[in-house]
Amino acid sequence: MQIMDDRLDEVARNLRANPIFKSMGAVEAISVLKAGTTMACGEGEVLFAEGDPCDGFYVVLTGRFGVMGVRDGEPLALAIIGPGECIGEMSLTRATPRSATVRALSNSTVWHLAGSVFETLIAQGDTRATHILQGLQVEICRRFRDELLVGAELAARASAVDEGRLLVESLGWEV
Amino acid sequence: MIHPRELDNVSCLAMLSVEERAALALRMIEIPVLPGQDILREGSPSSAAFVLLDGQLSVRKRLVVNEQPYELPGILPVGEWFGLVSVLDGAPASARVRAVTAARLGAIGKEDFEALLRSGDPVGPKLLRAWLSSIADQLQRVNESVLMLRLFLEQNKL
Numbered sequence: 001m002q003i004m005d006d007r008l009d010e011v012a013r014n015l016r017a018n019p020i021f022k023s024m025g026a027v028e029a030i031s032v033l034k035a036g037t038t039m040a041c042g043e044g045e046v047l048f049a050e051g052d053p054c055d056g057f058y059v060v061l062t063g064r065f066g067v068m069g070v071r072d073g074e075p076l077a078l079a080i081i082g083p084g085e086c087i088g089e090m091s092l093t094r095a096t097p098r099s100a101t102v103r104a105l106s107n108s109t110v111w112h113l114a115g116s117v118f119e120t121l122i123a124q125g126d127t128r129a130t131h132i133l134q135g136l137q138v139e140i141c142r143r144f145r146d147e148l149l150v151g152a153e154l155a156a157r158a159s160a161v162d163e164g165r166l167l168v169e170s171l172g173w174e175v
Numbered sequence: 001m002i003h004p005r006e007l008d009n010v011s012c013l014a015m016l017s018v019e020e021r022a023a024l025a026l027r028m029i030e031i032p033v034l035p036g037q038d039i040l041r042e043g044s045p046s047s048a049a050f051v052l053l054d055g056q057l058s059v060r061k062r063l064v065v066n067e068q069p070y071e072l073p074g075i076l077p078v079g080e081w082f083g084l085v086s087v088l089d090g091a092p093a094s095a096r097v098r099a100v101t102a103a104r105l106g107a108i109g110k111e112d113f114e115a116l117l118r119s120g121d122p123v124g125p126k127l128l129r130a131w132l133s134s135i136a137d138q139l140q141r142v143n144e145s146v147l148m149l150r151l152f153l154e155q156n157k158l
């Protein structure tokens, strides 16, 4: 469903709470919002299942979602995603199938930017696609640097023994 | 000058059409490097993103192991971009990259890339997406390495 004009400011505020949209101004955020749609999900409803083809990404506006796994044969929420957080944003960079099932843990609403809409924005050189990618860039670079720091610390510890050094050298270093 | 066909084997640029790769090749510069020449220095920011077109480069990351300096080798195959994170977020390079043999690089400078993004040419966001895809692949490999290292350290009580 389309977002009602009188709710745009409120929804834009939610969107800008997300790191990907943080650097956007209010006008830009509203412009990006208009490229997507909002969806309601009832408690227990599956947003997408592991192995599904990717179709864009979501930002949670209200409610909570669980990234589902299985423990002792029972379905379990391994991670909980709340308002302002993204779901499936890495699908904007590559079209791999969904890596996990995401289910609504309460009655919720999400903003959805469909993959086909994003492709059209990119093909048209629309600045909204660039803004989204630049937001994603900040987030991916931060995650990469953080993980490299962890990797360096673990590699130094493992290299203290010969077997560990062989392992570290076989893994190599990403630059 | 970079021939557009040379970008055909650059993994993440498969997302661009032949025409878009040709347009990108025109915006890139070719950099010949000599054996022993440093392209990235660990701790220094990079003013360009590079792709290895031909030749052999070495990657070295400085670590301190048992209070001794140790250089961890890395991997950089032909057709891979490097220096992406440094050019995108301005942070220092995480390792040194040095030519082992005479090599040829393709490069696009930070300012040229930013101008391309502002130009409204779809090649700009498509290149950014290709780079993010490349970094996402690297991130996945680092995640896997971190998991393996944690397991090793746990098993060996280190």
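Those sequence lines, one after another, are chains A and B. Mapping the first sequence onto the numbering used here, position 150 (from 1) lands on 150, and the numbers just tick up by one. Mapping the second sequence onto the numbering used here, position 146 (from 1) lands on 146, and the numbers just tick up by one. Heads up, the beta-carbon is just placed ideally off N, CA and C, and yes, glycines get one too.
{"Item": "Residues near Leu121(A) in its chain [Cβ-Cβ closer than 6 Å; skip 5 each side]", "Value": "Arg128 and Ala129"}
{"Item": "Straight-line gap, Pro45(B) to Ser94(B) (C-alpha atoms, nearest Å)", "Value": "9 Å"}
{"Item": "Simplified DSSP state of Trp173(A), which is helix, strand or coil", "Value": "coil"}
{"Item": "Cys41(A) in three-state terms, based on DSSP", "Value": "strand"}
{"Item": "Delimiting residues of the beta strand (DSSP E) encompassing His112(A)", "Value": "Ser108 to Leu113"}
{"Item": "Proximity to Gln138(B) [Cα-Cα], best of Phe144(A), Val138(A), Gln137(A) and Leu133(A)", "Value": "Phe144(A)"}
{"Item": "Opposing strand residues paired with Gln68(B) [DSSP bridges]", "Value": "Val65(B)"}
{"Item": "Spatial distance of Val60(A) from Ala26(A) (CA atoms)", "Value": "18 Å"}
{"Item": "Thr164(B) - DSSP class collapsed to helix/strand/coil", "Value": "The structure shown has nothing for residue 164(B), since chain B only spans 1 to 158."}
{"Item": "CB-CB length for Leu154(A) against Arg150(B), believed under 8 Å", "Value": "7 Å"}
{"Item": "Minimum C-alpha distance to Ser106(A) - residue among Phe57(A), Gly42(A) and Leu78(A)", "Value": "Gly42(A)"}
{"Item": "Start-end ranges of the alpha helix (DSSP H) lying completely within the region 75-138 of chain A, minimum 4 residues", "Value": "115-123"}
{"Item": "Val97(B) vs Ile39(B) beta-carbon contact at 8 Å", "Value": "yes"}
{"Item": "Met90(A): contacting residues in chain B (beta-carbon distance under 7 Å)", "Value": "Ala136"}
{"Item": "Cβ pair count under 8 Å reaching 3, the region 61-80 of chain A against the region 98-113 of chain A", "Value": "yes"}
{"Item": "Lys126(B) classed as buried or exposed, judged by whether at least 16 other C-beta atoms fall within 10 angstroms", "Value": "buried"}
{"Item": "For Met68(A), the residue or residues it bridges with in DSSP", "Value": "Ala77(A) and Thr101(A)"}
{"Item": "Through-space distance from Asp9(A) to Ala29(A), alpha-carbon basis", "Value": "9 Å"}
{"Item": "Chain-ordered chain B contacts of Cys141(A) [CB-CB under 8 Å]", "Value": "Val85, Leu88, Asp89, Ala91 and Ile135"}
{"Item": "Host alpha helix (DSSP H) of Pro125(B) (start-end)", "Value": "Val123 to Gln155"}
{"Item": "Chain D contact for Ser108(A) (CB, 8 Å cutoff)", "Value": "No chain D is part of this structure, whose protein chains are labelled A and B."}
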